[in-house]
Structure formats: structure tokens, C-alpha cells
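To start, the structure under review is shown below, and the notes come after it.
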Amino acid sequence: MKKFLRRTLSLCLASALACSLGVGAAASEALGEDLLFQDKLLNEQTQLSTNVFWSTSYSDLRTENLITYTPNESVTPVVTYGSVLTACNTISSAAKTLESQGYRVVAGMNGDFYNFGTGLPIGLVMTEGQIRGSDGGYYAIGFRTDGTAVLGKPTIKVSADLGYAVADDSGYTTQVVRQLVGVNKARVSTGGIYLYTYDFNAKHTTGTTEAGVDVLCTIQEGTLGLNEPLVVTVDEVRETSAATPIGENQVVLSANAQSNSYYVDALRKIPVGSTITFTATASSEEWNDVEYALGALYSLVENGAVVSGLPSGTDPRTAVGQKADGTLVFYTVDGRKSGHSIGASMTQVAQRLIELGCVTALCLDGGGSTTMTVTQPDATTAKTVNTPSGGSERSVSNQVFLVATSEPSDELSHFYVQADNQYVLAGSKVHISVSAVDTNYIPMDSDFELSADDGELDGDVLTTPNYACDVTVTAERRGKSGSTTVHAIETPDSISVQNGGSAVTSISVAPGSSATLTASAMYRHLPLKADPEAFTWSVSGDIGTISSTGVFTATTPGSGTITVSAGGKSTTVQVTVSKIALSTLEDFEVSDLYTKFTDMGSGMSMTQATDADHVRMGRGSGRIDYTLQGDGTATLGAYKTFSSAYSTLNFWVYGDGSGNTLSILTSDGSEEMETQAAVLDFTGWRQLSVQLPTGTVTLTGLRLTGVPQYGTDEMGWETVTYPNSTGAIYVDQMVASYNGIVDTTVPAVTASLVSDGWKVTGTILDDTDGVLPKSSVSVSYNGAPMDFDYNASTGKFTVFLPGPGETHEAMRVTVTARDASGNIGRASVDVEALGVDHKFTDIDGYWGATYADFLYNAGITTGYDDGTFRPNQNISRAQFSVMLYRYLGLDAEDYSGTSLPFADLASIPAYALPAVQALYSEGIVNGTTGADGQLYFNPGASLTRAQAATMIGRTQEKGYATVELTFTDAASIPGYAAYYIQTMAAQGVIGGYADGSFRPSANITRGQMAKILYNLM
17 MKKFLRRTLS
27 LCLASALACS
37 LGVGAAASEA
47 LGEDLLFQDK
57 LLNEQTQLST
67 NVFWSTSYSD
77 LRTENLITYT
87 PNESVTPVVT
97 YGSVLTACNT
107 ISSAAKTLES
117 QGYRVVAGMN
127 GDFYNFGTGL
137 PIGLVMTEGQ
147 IRGSDGGYYA
157 IGFRTDGTAV
167 LGKPTIKVSA
177 DLGYAVADDS
187 GYTTQVVRQL
197 VGVNKARVST
207 GGIYLYTYDF
217 NAKHTTGTTE
227 AGVDVLCTIQ
237 EGTLGLNEPL
247 VVTVDEVRET
257 SAATPIGENQ
267 VVLSANAQSN
277 SYYVDALRKI
287 PVGSTITFTA
297 TASSEEWNDV
307 EYALGALYSL
317 VENGAVVSGL
327 PSGTDPRTAV
337 GQKADGTLVF
347 YTVDGRKSGH
357 SIGASMTQVA
367 QRLIELGCVT
377 ALCLDGGGST
387 TMTVTQPDAT
397 TAKTVNTPSG
407 GSERSVSNQV
417 FLVATSEPSD
427 ELSHFYVQAD
437 NQYVLAGSKV
447 HISVSAVDTN
457 YIPMDSDFEL
467 SADDGELDGD
477 VLTTPNYACD
487 VTVTAERRGK
497 SGSTTVHAIE
507 TPDSISVQNG
517 GSAVTSISVA
527 PGSSATLTAS
537 AMYRHLPLKA
547 DPEAFTWSVS
557 GDIGTISSTG
567 VFTATTPGSG
577 TITVSAGGKS
587 TTVQVTVSKI
597 ALSTLEDFEV
607 SDLYTKFTDM
617 GSGMSMTQAT
627 DADHVRMGRG
637 SGRIDYTLQG
647 DGTATLGAYK
657 TFSSAYSTLN
667 FWVYGDGSGN
677 TLSILTSDGS
687 EEMETQAAVL
697 DFTGWRQLSV
707 QLPTGTVTLT
717 GLRLTGVPQY
727 GTDEMGWETV
737 TYPNSTGAIY
747 VDQMVASYNG
757 IVDTTVPAVT
767 ASLVSDGWKV
777 TGTILDDTDG
787 VLPKSSVSVS
797 YNGAPMDFDY
807 NASTGKFTVF
817 LPGPGETHEA
827 MRVTVTARDA
837 SGNIGRASVD
847 VEALGVDHKF
857 TDIDGYWGAT
867 YADFLYNAGI
877 TTGYDDGTFR
887 PNQNISRAQF
897 SVMLYRYLGL
907 DAEDYSGTSL
917 PFADLASIPA
927 YALPAVQALY
937 SEGIVNGTTG
947 ADGQLYFNPG
957 ASLTRAQAAT
967 MIGRTQEKGY
977 ATVELTFTDA
987 ASIPGYAAYY
997 IQTMAAQGVI
1007 GGYADGSFRP
1017 SANITRGQMA
1027 KILYNLM
């Protein structure tokens, strides 16, 4: 047993976690203060290291995963790509393919940079000794059959002996030989000659669209490898503007007609039936025996030094480095995930790889592509070990894997022992798992004895002591063993409290309701695993009781505190036990407003308003038109009685800047009272809180009082006028409250998929109103209302999904909750499609394919007549209108009589006219004013992201949360769009780009539109 001392903790943890391959490299000047590092032997001389650092510059974590591989006969590198070079796939799917071929995938990660639009890698691709794609002049890493590697610029030159000779003026003949510009690269107008093979793209064509000369050939012998000739015979020489099909045993030489005649004429003159021989050579002989290779855009380290001039930016990164002895380091650092890993710059990754001993290193594709997979010692299939920044794996152009045999030896080598948590709050329990590993690093069955040098071991559950110590747990049998170390921390650095999954420092609970609180502990910026029993809970203020596991039950209205402590550290939560939930007086969501407001009074009338600019919560507000009467007042009658428990009336007012005074009228049954709410010297929305008289009162009306101006007439008599005597104001979401509570927080909605029960479950809780009634909750399934089970005492709900079947389309379940103050919270659960094909021919591998398919199934989009969706094409205003119209489910007949004011009405396509009529009527689209002063719709024009966000945002009811816009270009977001972007960003409906920008003036594409509409479902 060893007591922890703060100054020596890092050294203690390092010693406890060290394994045979060492841990000294984890301390990093490049990445920050080392917090946690763990090494795991995956296979012969192949180790996974997971290290966590604290960046003092960013006050956040960095998490790296790296594979240290010493070339050996048991574990060898391979490079993979999809079914063709342009077919992107995930690391996981590539790993499954290798596993189906009999390999054990020891580790793998993403490869080269690639063109997002085409999926084509920018650099070299070589598999099984064959050049699949040329290097393009970029860097590459090549692997030999013995696992050794070469890093650098291969500068591979591919020459073609075109099979005929030409004679000069002296009669001397020269064989016609041309150097190729590229192999399986996109042909450019003046590039020269390109070679295309069957596995270039999914259509098995050259993919060309401009006029050129194509030479179709049949392979006779050989493959295109380094110093290995490929021999073909010419079948046809064609002049074509279309892509040339390529058979499995064929290749095509191709040159754009705009290229130099030196290349184009050379192809034109090739005799049909002649033999062409291709040879490939690299800049150095060290590349000659390479079997697998992939490209890299940047060199990070050369001759043990950081390459200068590397691009800046803190992002997820993927890299590969080589030590002086030939050992390889396959490296990833996660990013864009605050609280997990912020990422690193290329220079920091280069410095880090030098710290790890590398003398040469290359940067592979990073950002959302950064992914690493390994097969754990106790597993037979590979799983992702890092956290991709996009939340899931991105399909990438190619991958590099380390593979080994999957055949078991059945001869015990050692035991792999691990705890479900390495760092725990002292006294907490951890589960220990043990797997026997054979000499081929395959898990096997074996008996063992499990022991611990401290704490209590009950089966596979270790209860750590109530003091700080390291506990070593060992599995052993017949001289073979394995162990792991669990670190018990007695005094954490901090404790926090969560309610419904969110951290809280204060809560509001209704009498008789319960709040299930959980505590968590942090130590050196990392979370500790902590059992509920490891914390001590107490409550003060005579407001309720709390159990030993943190369940607070409110009994008496009032204020108090809940304190939770462990190891001498504690934190408190402020608690308000409310008397009752807030009460909605009027939300103006129905057109009949006369249940509470009447025509009694004078000079005022109320109608429902639904235009987005004049609605603050929900979809409707109350428009009050007024004309001040002779006494300078206007009055609107009302009738609503309040319980004596309520002391405040909260409501929103859209002022008209008139300077008139708005008051509320109340009565206690014996006396009429007038209470000033606000002077309307403002425009736009403002939330007001008006103190109600004590006791039971009735709201009897609203009153406007003008500002008098005094003067004299021609006879000298005093006169009184009211300058702003007519106008309109708007009111919304009138709510009875108490204790000055103004609720602007949306209800907390949590939802998750329970796969084995094929259902969605979750909880709805509101900080102010507590558990909401079922009438305040709605569920939609693929955008349509759906029934659900709801417990009005606990806020828990269950939604039963249709199915499951052997196949199904993608599903989206959204749960929405509205509290008494009109605040709206929501959560969505997505179910991926299973066993169904994409609905369009051009979205395989596209990041938003699911969204396009979903909208097709929902009847929102049908795509083009040729079966394509064209996701990267800018969406026109006409197309946008149709998609939004279908999403909203509007009925054309309801708007057929709508007259449109656009000067270019005749240019609106017939298919889009009903949609434009409907959206114009609903105030969603309004056109733009041209230079001639007329209003134009511009149906064929593209929409900017800001314009689209505004129009889409107008379709949503108001009341969702908003967030501060932190995009790098937030200052350039137009004022008219800011609110809609704020609220849709808060909901996760819309986001920015990987570089942190929003690009409000950029055109929105059809694919982006599909994602937004999907997220709105």
C-alpha cells in the first residue's frame, strides 16, 4: 500500500501503469501536463498507448492514441480502400472485410487526404505490389512484406512504350514513349496522358466529360508495379467527349483534346492491335520492394527536426512516424471535443512524434476523418478506440491496418486483466475482467485464480479501501499471469452534482416531488469512478429529506441547501421548494381569445397574430389595436381569477415606442385596482413582471393611458391632446408566478433507444414547474404525431417503435415538452436504416445520405428525373420553397387564391407555384426588391445560409433555447437571421463548419437543406 503525495502523484501513477514497453514518452512538452497514460500489448511487438494531457493554454484535455509497432513476421501492415478508389468506407467496415478474409485486425487508422466531392485520394495508393493510384508528387509511406517501411516522396514515374515507332527526316526511327501524368487521377484539360483501370470509380469508366482521345486496351500480362512491366494490346482508339467504360481486364489511356499535341497525337497514331508496355520507377531503390503504400499531404518531421511552415489550427490529427531503428508509430490525437480532447496543431504533433523517438513523420488526413481501431486482447473483432470529432466514424478514402493471423494456438501465454475504471473514489467498487491470451494473442478459455493485494475481492468485484492506495489485481495459473492496478483516491479535487444528466448548482422542486441527484468527483482534471455510497448527503432548511443515494423529496415550501461530501471535500446545491407550478393565463395559440379577454371596455380590440416577427412564444400572440378615447385611455376587458398562491403576472409585450403607459386592471371582489406594467417607450419584445395584489384576485382588463400635451385654444381655454393616440401592440405568454420567479429555462428532455425492447424511453423535468402534465408533451415519429406512455408523477415516458423487421428505413423520434412559461425543450433519437438501399444514385458515401433518403421516404423530395439527388448542388429558391412546403404539410387548396406580388411571377415554375403561394401567405418567404423598386421572387437564384436559416426558422414555434453565437464569423451574420441561427444552433438543427465558421453568405446546398429538415423532424 502506498499513500499518495500531491507532488509525487504523477510519478506514482506512471510507475503503477508501466508495462514492459515503457511509459517514459508520455510526459510531453508538446501537448501539456501528463495526467493519465496506459500501455496495452495488442500483439507481437505491437502496443497501444492511450495518454491524456492537460493543456494549460486552453485549460482543457488532450487525448492521444498511438500504436508502436516494431516490424516482425507475425504482424504486417496492409493498405485498404473501398470497392473502388473513389468509394469511401469507414475504418470499421474495412476492418470487418479483413476479418472476413481470416485476418485478426491488430490495429488500423484512416489514411490519405481525399477529395470530399469525388472520394479520390490525393496521393499514392499501392496494394499487393500494384500501383492503384499515382503519387501526384506528394509524400507517401510504403510497407514491405517484412513490415519495414519507407517514408518520403516516392516520385514514381510511369512510362508507356506506345508500341510503334516514328521516323525522322534522316529515316532514323524512334520508339514512341510517353511519360504518364497520373494513374487513376482526375484528368485535367492540359495535363497530358492518364491511365485508368477498372477500379478507378464505381461506374468503371474514365469519368471524363470533355473531348479527348481514349485508347482502350486489354491486359496481356503483368501488373503495374515498381520495376514490373504491364503489357497490354490496343483494342480501340476513339475520339470521345464521354466517359469510356473499362472492363475488368482492361485499361484506358486518355488525354484531353486541349493537351499538347505531343501527347494527343501520340495516342491518335497508336495502331489497333499493337502492344503497349508500361513501366514504373521510383526516385529511390528503397521503394522497389514496397507492397503497400498510401499518400500523405504534409511532411511533419525530417531528420529528427520539425518541418517549418506547417499550417496552423488546433484539430484532430492522424500521423505516422518512424524511429531510427525502423519502429513505426501510428498516431491519432482527438479534437473538437471540449472535456475530452481539444486537438493539436501539426507542429505540436510533429514535436510529439519527436518526443516519441521519431526521426521522420508524415501527416495523414485529420479532422473528422481521424479514427483509430484496435482489437482488444480479450476480443476477436476490432472496435474504434478514439472519439471521432463528428460523433461517429467518417467514411474515408483509404486505411492502413496492422494484421495478424486469427488462428488460435491454444497455448496459454498470459492473462489480460483490466478494471472497468482505473481511478476510483476510495471505497468504491470496480469490476475486474480477465481473459486468457494464447501465444498468437487470441483470447482462449482457461481457469485462473484472482487475487488483490489490498481491498476486498468478491468474485470479480473489487471494493477499494477507504483510504488512498494502489491496488494490484492479479490473475494467475501455472506460472502464467497478468495484472492491473486500480488507484483509490481519498480526497478528490472537486465534487459536482447532476440532475437529469446536467450539472446543477440550484434546483427548484414542487412539494411532494422528488429530484434524483447524482454526485461525481474530479481529480487532476479527470473524473473518478464513484459509487453513490461513497458520498454523504445532507439537507438543511426544513424543506425535505434526502436519501443516502441522493434522492431529495420536497415536503415544505421554502429555501434550503443540499450538501454532498466525500474525503473532506464538499459542495452545496441551493434548493427552492415551490408552492405550485406556474400557471399559464393565456398563450394565444388559438384564434378564439375571448375565453379570457372580452370586448368589454373601449378603444381596444384583440385578435390573434401569427407572423413570426410579432410572436414571442409558440406560434401566436395577441395583437391589440387601440384608439385612445377622449379621456386619453383605452381599455380591453378580461376575466381570469388567480389563486392567492400567485403574486406576480409575467408576460411579454411588443412595444410601439408611443410612450403610452400599459397597466393591468384587477379586482379583489370589493375594490378595482390599476397597476402600471410599463411605459411603452420601447419597440420590440420585452418581458414584464407585475406584482399582483395579495389574496385571490381577478384580472379584469388591460389599459393604455396616453401622454397628455397641454395647450390653449384661440379663446384662451386650456386644451389636452394625446399625440400617439392610435397604434398596435402585441402581448404573449401571460403566466401567473410567485416569489418573483421568471422562468426562461427550457424543460430538460432526455431520450434514448432501448434496442432490446425496440422502444425509446426518457424523462422530462422542468426546473421551475417540476414534472409536466402529459398535455404539455408531444411525440413525433418521422415528423408525424405518435402516441406514448407517460407517468405524470415521475415525468418518465415510453415510445414503442413499429417493428423491428429484418429491414427498415431510418427512423427519428422527437419528444417535445412545453412548460407553463412557453419554454420548449426537445430531444431526438435516431435509428439507422437497416438492409435498405439508398434512394438516389449519387449519394453512396455522401455524409448526408441518410438525410436525403429520409426526406425521400417522407415525400419531401423526389430528386431529379435521372435518379440523382445532387447533394452538393446549390438549392434554388424554387426548390427550397417546394421542399419546405412539403415538410410543413401545407395544402395547396388553402392558398390557391393567394395573389403574389412578384414582378417575375411568370418565371416561377409551375411545380413551385403552390409552394410559393403557401409560404408567402404564411410569412415565410417575401422576395427581394429589385433596382427598379419592384418585388422579385428570383426562383432560380441560390439561397445563402443566412437566408435559408431565417426562412426555416420562421416555421418553428418560438420558445426554444438560444445560444450565444461563437462562430468565428458571427459578426457577419445578418441581424435578421441571428435569432433563428441562435435557436436552431441550440437545438442542434444547424451548425457551422469544421473551421469554426458559419459562412452566412455562402450558398446552401441541397444536402445541407436535407440535414436541416431532417433535424427539424
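Per my numbering, the sequence shown starts with residue 17, numbered consecutively.
Quick reminder that beta carbons are idealized off the backbone N, C-alpha and C, glycines included.
When the Cα of residue i is compared with those of the options, which residue comes out closest?
i: R194; options: T239, G133 and T295; result: T295
i: S150; options: P170, F132, V166 and R160; result: P170
i: M622; options: D629, R632, G636 and A628; result: G636
i: Y308; options: G939, N272, T260 and I157; result: I157
i: G516; options: D476, S556 and F568; result: F568
i: T190; options: Y180, K775, S683 and M689; result: Y180
i: F129; options: Y155, T143 and G799; result: Y155
i: N640; options: L52, G648, V762 and G653; result: Here the sequence assigns Ile to residue 640, which means Asn is not the residue at that position. Among L52, G648, V762 and G653, the Cα nearest to that of I640 belongs to G653.
i: T134; options: A165, V166 and V100; result: V100
i: E409; options: I562, D350 and E371; result: D350
i: R148; options: V199, I968, V776 and N954; result: V199
Can you give me the C-alpha to C-alpha distance between residue i and residue j, rounded to a whole angstrom?
i: V365; j: V322; result: 9 Å
i: A15; j: G879; result: As shown, the chain starts at 17 and ends at 1033. That puts residue 15 outside it, with no answer to give.
i: Q933; j: S912; result: 7 Å
i: Y278; j: V182; result: 13 Å
i: S361; j: Q338; result: 19 Å
i: T348; j: V68; result: 12 Å
i: T1021; j: S892; result: 9 Å
i: S607; j: A625; result: 8 Å
i: T389; j: S108; result: 7 Å
i: A11; j: G325; result: Residue 11 lies beyond the stretch modelled for the chain, which goes from 17 to 1033, so this question has no answer here.
i: Q998; j: G1008; result: 12 Å
i: D729; j: T735; result: 6 Å
i: Y188; j: I138; result: 41 Å
i: A42; j: R78; result: Residue confidence for A42 is low, a pLDDT of 46 falling below 50, so the modelled location carries little weight; the figure read from the coordinates is stated next. Each residue's alpha carbon lies about 12 Å from the other.
Output needed for residue i: all residues of its chain with C-beta closer than 7 Å, excluding positions within five of it in sequence on either side, in chain order.
i: G675; result: V695, L696, D697, V723 and N740
i: S1035; result: Only positions 17 to 1033 of the chain appear in the structure, and residue 1035 is not among them; the question remains open.
i: N88; result: E60, Q61 and G163
i: R902; result: G875 and I876
i: D426; result: D454 and M460
i: Q1024; result: none
i: L951; result: P917, F918, A919, G943 and T945
i: G118; result: S422
Near residue i, which residues of its chain fall below 8 Å by C-beta distance, leaving aside the five closest residues on each side in sequence?
i: P548; result: T534, A535, S564, T565 and G566
i: V440; result: V446, T480, V502, H503, A504, I505, L544, K545 and A546
i: S497; result: H430, F431, T490 and A491
i: G38; result: Note that G38 scores 31 on pLDDT, short of 50, meaning its location in the model is unreliable and no value can be drawn from it.
i: R540; result: L25, L51, W70 and D509
Can you list, in chain order, the residues of its chain with a C-beta nearer than 6 Å to that of residue i? Leave out the 5 residues immediately preceding and following it.
i: A395; result: none
i: H14; result: Missing from the structure shown is residue 14; the chain here goes from 17 to 1033 and no further.
i: G96; result: Checking the sequence shown, residue 96 turns out to be Thr, not Gly. Result list for T96: A110 and Q415, in chain order.
i: T293; result: D177, P245 and V247
Kindly provide the ranges of any beta strand (DSSP E) runs that are 3 or more residues long and lie completely inside the region 675-751, ordered along the chain. 677-683, 688-695, 699-707, 713-721, 725-728 and 734-737
Contact between the region 704-715 and the region 777-793 (3+ Cβ pairs under 8 Å): no
Tell me, please, whether the region 295-312 touches the region 219-233 by the rule of three or more beta-carbon pairs shorter than 8 Å. no
Is there contact here, the region 884-896 with the region 847-864, by at least three beta-carbon pairs under 8 Å? yes
Counting only runs of 3+ residues fully inside the region 476-511, write out the beta strand (DSSP E) ranges in chain order. 477-479, 485-493 and 496-505
Quick check: the region 976-985 against the region 1003-1013, are at least 3 beta-carbon pairs closer than 8 Å? yes
Uninterrupted alpha helix (DSSP H) stretches inside the region 865-923 (no shorter than 4 residues): 865-873 and 893-904
Entirely enclosed alpha helix (DSSP H) segments - the region 342-385, minimum 4 residues: 362-371
Which runs of the beta strand (DSSP E) at least 3 residues long sit entirely within the region 769-801? Give them in chain order. 775-781 and 793-797
Just checking, does the region 254-270 make contact with the region 206-213 on the three C-beta pairs under 8 Å criterion? yes
Given 8 Å, three or more beta-carbon pairs between the region 820-836 and the region 372-390: no
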